[in-house]
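Below: one structure, written as structure tokens.
Residue numbers (my numbering): 1 to 267.
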């Protein structure tokens, strides 16, 4: 009897083990999904839908940064609003929904001390002259922009790039009468690119986004200006922890590699 009982018990164990194998396999797939979620949670970054207000000159490079950041931080999405820094400041002061702000100058950010957290410089930039493709008007220096026959377009004085441009021209005692003053740097670039202006002053990184469409004339360092890009969280944000994580990431080696790869300088 004992031998028969032992055989039956062994057979039952074998059948039970066989039945449990598929269940164990299914359980393994579920655990894999749980592990993915656990890794996301372990990163310490809360999941959130972030709205980031950023200077127009960051349009292209921040598109690349968004893809990398969202891949590294599952559950977090980034929505950008690009405009001239002065317009971004107005949005923040009006209380428009936003989580983080990146401007193209420290002056604009400094004017928002009560609305934003402590800013950190994440990048720097320089100015260049852009001309129509082929540079048919033979523009080779800032001085050439004073030619009254040229249609020169600049950004408005209240726009960071416009302010930088005017300071550079004033320092060299060069008088330029622009045919228009634009609301942001991309509008300046577009005017020249479309042939609506003969030349303009933009950031080096913006000129680099239009290869083959405009020509670039370097402004010597001794005559140039350095633009600083501060980033900060917006105090009214409902996603303060996630916003702070994104701002911190912008100064990380990985983000800096993306920024510098696009032509921005080290902060």
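We treat Cβ as the ideally placed atom computed from N, Cα and C, and that holds for glycine.
What you are looking at is a predicted structure, and each value in this text was computed from that prediction instead of being measured.
Report yes if the C-beta distance between residue 148 and residue 174 is below 8 angstroms; otherwise report no.
No.
By DSSP, does residue 192 sit in helix, in strand, or in coil?
If DSSP states are grouped into helix, strand and coil, residue 192 belongs with the helices.
Give the C-beta separation of residue 191 and residue 197 to the nearest angstrom, bearing in mind that I take them to be a contact with Cβ-Cβ under 8 angstroms.
Contact holds; Cβ gap of about 4 angstroms.
Is DSSP giving residue 47 helix, strand or coil here?
Correct three-state label for residue 47: coil.
Count the other C-beta atoms from every protein chain shown that fall within 10 angstroms of the C-beta of residue 261, then say buried if there are 16 or more, exposed otherwise.
Label assigned to residue 261: exposed.
Below 8 angstroms, can you find three or more Cβ-Cβ pairs linking the stretch 219 to 229 to the stretch 99 to 115?
The stretch 219 to 229 vs the stretch 99 to 115: in contact.
Ignoring anything shorter than 4 residues or poking outside the stretch 193 to 244, list the alpha helix (DSSP H) runs there in chain order.
Runs of the alpha helix (DSSP H) inside the stretch 193 to 244: 204 to 207.
I'd like the ranges of any alpha helix (DSSP H) spanning at least 4 consecutive residues and lying wholly in the stretch 45 to 119.
Complete alpha helix (DSSP H) runs here, min 4: 59 to 72, 85 to 93 and 106 to 110.
Say whether the stretch 239 to 257 touches the stretch 116 to 127, bearing in mind that this needs 3 or more beta-carbon pairs closer than 8 angstroms, one atom from each stretch.
The answer is yes - the stretch 116 to 127 touches the stretch 239 to 257, with three or more Cβ pairs under 8 angstroms.
Assign residue 150 to one of three DSSP states: helix, strand, or coil.
If DSSP states are grouped into helix, strand and coil, residue 150 belongs with coil.
Give me the Cα-Cα distance between residue 49 and residue 79, rounded to the nearest whole angstrom.
When rounded, the distance between both Cα atoms is 7 angstroms.
Check whether the stretch 123 to 143 touches the stretch 199 to 218, counting contact only when three or more Cβ pairs, one atom from each stretch, lie closer than 8 angstroms.
Cβ pair count under 8 angstroms is three or more, so yes.
Which term fits residue 160, buried or exposed, when burial requires 16 or more other beta carbons within 10 angstroms of its beta carbon?
Buried: at least 16 other Cβ atoms inside 10 Å.
Just to confirm, are residue 51 and residue 242 a CB contact at a threshold of 8 angstroms?
Taking 8 angstroms as the Cβ cut-off, residue 51 and residue 242 do not qualify as a contacting pair.
Give a yes or no on whether the C-beta atoms belonging to residue 81 and residue 185 are separated by under 8 angstroms.
No.
Are residue 246 and residue 61 close, meaning C-beta to C-beta below 8 angstroms?
Going by C-beta atoms, residue 246 is not nearer than 8 angstroms to residue 61.
Under a three-way DSSP split, which group does residue 165 fall into?
Helix at residue 165.
If you count every other CB in all the chains shown that lies within 10 Å of the CB of residue 170, and 16 or more means buried, which is it?
Exposed is the call here.
Can you tell me whether DSSP reads residue 256 as helix, strand or coil?
Helix at residue 256.
Counting along the chain, where does the beta strand (DSSP E) carrying residue 265 start and finish?
Note, residue 265: premise wrong, no beta strand (DSSP E); not H, not E.
Apply the 10 Å Cβ neighbour rule to residue 77 and answer buried if 16 or more other Cβ atoms are within range, or exposed otherwise.
So residue 77 counts as exposed.
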